[in-house]
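Visitor:
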Amino acid sequence: MAVEIVKERWKGRVLEMVLGSGTHTVKVGGDAALPFLHFEGQIPNRPATALEVWDRVDGEFPPMLTAAFEGVLGSPGDWARRCVEYGADMVALRLVSTHPEGQDAGAEEAAAAARMVAEAVEGPLIVLGCGVEEKDAAVLPAVAAALDGRNCLVGFATSENYKTVVAACIAHGHSVIATSPLDINLAKQLNILITDMNLPPERIAMDPSIGSLGYGIEYAWSIIERMRLGALSGDRMLSQPVICFVGDEAWKVKETTADDVAEWGEQGRRALLWEAMTAVVLAQAGGSIFVFRHPEAMQHFNRQIDALMRQDVY
Amino acid sequence: MIFIGERINGMFRDIRAAIQERDPVPVAERARIQAAAGAHYLDINTGPDVDAAEAPEVMAWLVKVAQETCGLPCCIDSPHVEALRAGLAVHRGKAIINSTSAEQERMDALFPLAVEFGAAIIGLAMNEKGVPKDASDRLALAMELVANADAHGLAMEDLFIDPLILPVNVAQEHAVEVLETIRQVRMLASPAPRTVIGLSNVSQGAPERSLINRTYLVMALAAGLDAAILNVEDKALMDSAATAEVLLNKEVYCDAFLRVFRKPLVV
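If you read the sequences in order, they're chains A and B.
Residue numbers for the first sequence, in this note's numbering: 14 to 327.
Residue numbers for the second sequence, in this note's numbering: 46 to 312.
In structure tokens, the structure reads:
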């Protein structure tokens, strides 16, 4: 007997965001159905990947990451080229050196690092401050100016510093990462405040503040799912693509770095799976951009996404 | 919810005069105001002074003026089938036909018209015997509408059941029956037909019209109402609807929820 497939009918879709310039662009979002439900609506773009580059590495850096980027850790430009060789869709420069409790590097140094990466690779860039709101507001305008015309994704804009960060993005033609503390209501409110400044809604990516596998990933799942349901039901202020910093979360936890726990299995494989699985889970919740630290975790993720992007196989 | 602006109706003095003189300015002005106030559809009614012979031409003219001004789809409102057809013929996008009753002759004429033009249609829970007294009789007529719509190949989401609310100052007992009807209509089919009410009728002839309208709208939304023909220019009414949508968990809360609602975003 023929089985009739029950389909949900949606009136909205996730906004499609274009990053990068010239011949090197990446499109994300645009989904007209819940993740990978190809039979219900068009999913025009697969989740995009980025690999992190740090402007400076001091002190502790996990040996596995050091091995993957051997010889380039001191040079952001070379590091970025290595990311592209590994197959990343985008390069995510993290301005670690600007953290006030670390090197406390200034705006000009940060802009110089950004310029170095921009000259090394042609593809789309994500640029991330240190996450301290005041410092990001002080540093990001110079960085945005240095990358003028490259159509980057710049973060982090929060409810405290969004005016400065968004103004810089508007002035230099970038998109912005809107960061909220795992709260759907604050995420929506921040999008409204940002669009009130006349940044088009399709130039915002939402960072809901995820947790890694075992560390509150279910909360992140619920928030992302609610965002996607909002987009599909036509809520324009929840229709922006979601960005997930899976590398940052995964490499913080002991399950990734501890090498002395026999019953957890071999550390290397465990670490890669931890980062990859965090990303795969959140892709199925509805994430659109995934920022990794380890290239093999990213490649593992891509193999899973290859399978999930096959149409109507069930 | 779906807001259908009630104001382009020959019953109102400015629109009646505009129709008589074929002056597009007042019609365009009302279209603009209602679009800015958050209407999703504009109800278009030629009013009681336009006779059946003249109605098709007037309806086509009103639809064209309204759509050229704001581009919103229309809820084409007339007792005359030929006026409905004339309005549909010039309409761009998906219209709503307002309305058929559960009288067989009307249904046989109007459901095919909706299918022909790919329009949605409002079905009134009444027949030649008039408006039923209670919810169960309203539901029986709603079921007639559902069965006939289905027989004509109309998608259930394109059928809006109107349980018919009457003025509270003369027919107080109907208000709760209409709420009960709204609750139960969704069980008549799967997917369910949608529900609509002509809200302003509840306060007809009473003082405190705005208060009565917005109180009843919130009650009806809590019962599951999908759409209403109403005065979108009543800010307190629209704010109550926005708040109800949030409290019913249909919209995601944010501190600016009223502002988002008041400033319709162009999709």
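For every residue, glycine included, the Cβ atom is placed at its ideal position computed from N, Cα and C.
Might you give, ordered along the chain, the residues of its own chain that have their beta carbon closer than 7 Å to the beta carbon of Met264 of chain B, omitting 5 neighbours on each side?
Guide: Here residue 264 of chain B corresponds to residue number 219 of the second sequence, with the count starting at 1. Counting only Cβ-Cβ distances below 7 Å, and skipping sequence neighbours, we find Leu224.
Visitor: Kindly say whether Glu290 of chain B, judged by its beta-carbon, lies nearer than 8 Å to any beta-carbon of chain A.
Guide: Indexing the second sequence from 1 puts residue 290 of chain B at position 245. Chain A, which has no Cβ nearer than 8 Å to the Cβ of Glu290 of chain B, makes this no.
Visitor: Rounded to the nearest angstrom, what separates Ile237 of chain A and Ala111 of chain B at their Cα positions?
Guide: In the first sequence, the residue the question calls residue 237 of chain A occupies position 224. In the second sequence, the residue the question calls residue 111 of chain B occupies position 66. Answer to the nearest angstrom: the Cα atoms are 40 Å apart.
Visitor: Using the beta-carbon count (16 or more within 10 Å), is Ser123 of chain B buried or exposed?
Guide: For this step, residue 123 of chain B is matched to residue 78 along the second sequence. By the 10 Å Cβ count, Ser123 of chain B comes out buried.
Visitor: Mind checking whether Gly168 of chain B and Thr145 of chain B have CB atoms under 8 Å apart?
Guide: In the second sequence, residue 168 of chain B corresponds to position 123, counting from 1. In the second sequence, residue 145 of chain B corresponds to position 100, counting from 1. Against a cut-off of 8 Å, the Cβ pair of Thr145 of chain B and Gly168 of chain B comes out as a contact.
Visitor: In the DSSP assignment, find the unbroken beta strand (DSSP E) run with Tyr86 of chain B in it and report its ends.
Guide: Here residue 86 of chain B is taken as the residue at index 41 of the second sequence, counted from 1. Run containing Tyr86 of chain B: Tyr86 to Asn90, per the beta strand (DSSP E) assignment.
Visitor: In whole angstroms, give me the CA-to-CA distance for Leu107 of chain B and Gly83 of chain B.
Guide: Here residue 107 of chain B corresponds to residue number 62 of the second sequence, with the count starting at 1. Here residue 83 of chain B corresponds to residue number 38 of the second sequence, with the count starting at 1. In a straight line, the C-alpha of Leu107 of chain B is about 20 Å away from that of Gly83 of chain B.
Visitor: Classify Asp264 of chain A: buried if its beta carbon has 16 or more other beta carbons within 10 angstroms, exposed otherwise.
Guide: Counted from its first residue, the first sequence places residue 264 of chain A at position 251. First, the amino acid is wrong: residue 264 of chain A is Trp here, not Asp. Trp264 of chain A is buried by the Cβ-count criterion.
Visitor: For a quick check, are the C-beta atoms of Phe169 of chain A and Gly142 of chain A less than 8 Å apart?
Guide: What you label residue 169 of chain A is simply residue 156 of the first sequence in a count that begins at 1. What you label residue 142 of chain A is simply residue 129 of the first sequence in a count that begins at 1. Yes, the pair counts as a contact, with Cβ atoms nearer than the cut-off.
Visitor: Can the beta-carbon of Met201 of chain B be found less than 8 Å from the beta-carbon of Pro238 of chain B?
Guide: Position 156 of the second sequence, counted from the start, is the residue given in the question as residue 201 of chain B. Position 193 of the second sequence, counted from the start, is the residue given in the question as residue 238 of chain B. Contact flag set, yes.
Visitor: Which of helix, strand or coil does DSSP assign to Glu309 of chain A?
Guide: Translated into the one-based positions of the first sequence, residue 309 of chain A becomes position 296. Correct three-state label for Glu309 of chain A: helix.
Visitor: From the DSSP output, read off the bridge partner residues of Trp67 of chain A.
Guide: As a working mapping, residue 67 of chain A is identified with position 54 in the first sequence. Paired residue(s): A:Arg107.
Visitor: Rounded to the nearest angstrom, what separates Ala164 of chain B and Glu231 of chain A at their Cα positions?
Guide: The count along the second sequence starts at 1 and reaches residue 164 of chain B at position 119. The count along the first sequence starts at 1 and reaches residue 231 of chain A at position 218. Whole-angstrom Cα-Cα distance: 43 Å.
Visitor: Who are the neighbours of Ala81 of chain B on chain A, taking C-beta pairs under 8 Å?
Guide: The residue given as residue 81 of chain B occupies position 36 in the second sequence. Residues of chain A passing the Cβ test: none, with the nearest at roughly 17 Å.
Visitor: Tell me, please, whether the CB atom of Val16 of chain A is closer than 8 Å to any CB atom in chain B?
Guide: Taking the first sequence and counting its residues from 1, one reaches residue 16 of chain A at position 3. So, not an interface residue.
Visitor: Could you check whether Val294 of chain A and Leu226 of chain A sit closer than 8 Å to each other, using their CB atoms as the reference points?
Guide: Taking the first residue of the first sequence as position 1, residue 226 of chain A is located at position 213. Taking the first residue of the first sequence as position 1, residue 294 of chain A is located at position 281. Contact: yes.
Visitor: At which residues does the alpha helix (DSSP H) containing Ser225 of chain A begin and terminate?
Guide: One-based indexing of the first sequence puts residue 225 of chain A at position 212. No alpha helix (DSSP H) contains Ser225 of chain A, which DSSP labels as neither H nor E.
Visitor: Please return the same chain residues whose Cβ sits closer than 8 Å to the Cβ of Ala275 of chain A, not counting the five positions on each side in sequence.
Guide: As a first step, residue 275 of chain A must be located in the first sequence, where it is residue number 262. Excluding positions up to five away in sequence, the list is empty.
Visitor: Ala98 of chain B to Arg249 of chain A, Cα distance in whole Å?
Guide: Taking the second sequence and counting its residues from 1, the one referred to as residue 98 of chain B is at position 53. Taking the first sequence and counting its residues from 1, the one referred to as residue 249 of chain A is at position 236. In a straight line, the C-alpha of Ala98 of chain B is about 45 Å away from that of Arg249 of chain A.
Visitor: Please report the distance separating the alpha-carbon of Pro212 of chain B from that of Tyr261 of chain B.
Guide: Start at 1 with the first residue of the second sequence, and residue 212 of chain B comes out as number 167. Start at 1 with the first residue of the second sequence, and residue 261 of chain B comes out as number 216. Taking the straight line from one Cα to the other gives about 12 Å.
Visitor: Could you check where the alpha helix (DSSP H) with Glu239 of chain B kicks off and where it finishes?
Guide: For the purposes of this step, residue 239 of chain B is taken as residue 194 along the second sequence, with counting starting at 1. According to the sequence displayed, residue 239 of chain B carries Arg and not Glu. Not the alpha helix (DSSP H): Arg239 of chain B falls in the beta strand (DSSP E), residues Arg239 to Gly243.
Visitor: Output yes or no for whether 8 Å exceeds the beta carbon distance between Ser222 of chain A and Thr192 of chain A.
Guide: Along the first sequence, read from residue 1 onward, the residue named residue 222 of chain A stands at position 209. Along the first sequence, read from residue 1 onward, the residue named residue 192 of chain A stands at position 179. Against a cut-off of 8 Å, the Cβ pair of Thr192 of chain A and Ser222 of chain A comes out as a contact.
Visitor: Quick one: does Ala140 of chain B have its CB under 8 Å from some CB of chain A?
Guide: Position 95 of the second sequence, counted from the first residue, corresponds to residue 140 of chain B. False, the Cβ-Cβ gap to chain A never drops below 8 Å.
Visitor: Which partner residues does Val219 of chain A have in the DSSP bridge list?
Guide: The sequence position of residue 219 of chain A within the first sequence is 206, counting from 1. The sequence given here places Met at residue 219 of chain A; Val does not occur at that position. A:Ala191 and A:Val255.
Visitor: Compare the Cα-Cα distances from Asn198 of chain A to each of B:Asn143, B:Val277, B:Asn294 and B:Glu253 and report the closest residue.
Guide: In the first sequence, residue 198 of chain A corresponds to position 185, counting from 1. Closest option to Asn198 of chain A, Cα to Cα, is B:Asn294.
Visitor: Taking only beta-carbon atoms, is Met219 of chain A less than 8 Å away from chain B?
Guide: In the first sequence, the residue the question calls residue 219 of chain A occupies position 206. Chain B contact via Cβ: absent.
Visitor: Ignoring anything shorter than 4 residues or poking outside the stretch 180 to 256 of chain B, list the alpha helix (DSSP H) runs there in chain order.
Guide: Here the runs fully enclosed are 180 to 196 and 219 to 230.
Visitor: Along the alpha helix (DSSP H) that carries Leu206 of chain A, what are the first and last residues, could you check?
Guide: Walking along the first sequence from the start, residue 206 of chain A turns up at place 193. Ile197 to Asp209 is the extent of the alpha helix (DSSP H) around Leu206 of chain A.
Visitor: In angstroms with no decimal places, state the Cα-to-Cα distance between Val312 of chain B and Gly175 of chain B.
Guide: Taking the first residue of the second sequence as position 1, residue 312 of chain B is located at position 267. Taking the first residue of the second sequence as position 1, residue 175 of chain B is located at position 130. Below a pLDDT of 50, predicted positions are generally treated as unreliable, and Val312 of chain B, at 34, falls in that range; the measurement from the model is reported next regardless. So the alpha carbons of these two residues sit roughly 41 Å apart.
Visitor: Kindly say whether Tyr86 of chain B, judged by its beta-carbon, lies nearer than 8 Å to any beta-carbon of chain A.
Guide: Counted from its first residue, the second sequence places residue 86 of chain B at position 41. For Tyr86 of chain B, the answer is no, since every Cβ of chain A falls outside 8 Å of its Cβ.
Visitor: Interface residues of chain B around Gln55 of chain A at Cβ under 7 Å?
Guide: Locating residue 55 of chain A in the first sequence gives position 42, where the first residue counts as 1. Correct list: empty, because the minimum Cβ distance to chain B is about 17 Å.
Visitor: Run down chain A in chain order and give the residues with a C-beta less than 7 Å from the C-beta of Ala194 of chain B.
Guide: Translated into the one-based positions of the second sequence, residue 194 of chain B becomes position 149. Result: empty, since nearest Cβ-Cβ is about 18 Å, beyond 7 Å.
Visitor: With 16 other CB atoms within 10 Å as the buried threshold, where does Asn214 of chain B fall?
Guide: The count along the second sequence starts at 1 and reaches residue 214 of chain B at position 169. Per the 10 Å Cβ criterion, exposed.
Visitor: Strictly below 8 Å CB to CB, what residues from chain A border Asp271 of chain B?
Guide: As a working mapping, residue 271 of chain B is identified with position 226 in the second sequence. By Cβ distance, chain A contributes nothing, its closest Cβ being about 13 Å from Asp271 of chain B, past 8 Å.
Visitor: What are the start and end residues of the alpha helix (DSSP H) that includes Met30 of chain A?
Guide: Sequence index remark: in the first sequence, residue 30 of chain A carries index 17 (1-based). Counting along the chain, Met30 of chain A falls outside any alpha helix (DSSP H), though it belongs to the beta strand (DSSP E) covering Glu29 to Ser34.
Visitor: As a quick exercise: from B:Ser181, B:Val70 and B:Ile121, pick the residue whose alpha carbon is nearest that of Gly138 of chain B.
Guide: As a first step, residue 138 of chain B must be located in the second sequence, where it is residue number 93. Per the Cα distances, B:Ile121.
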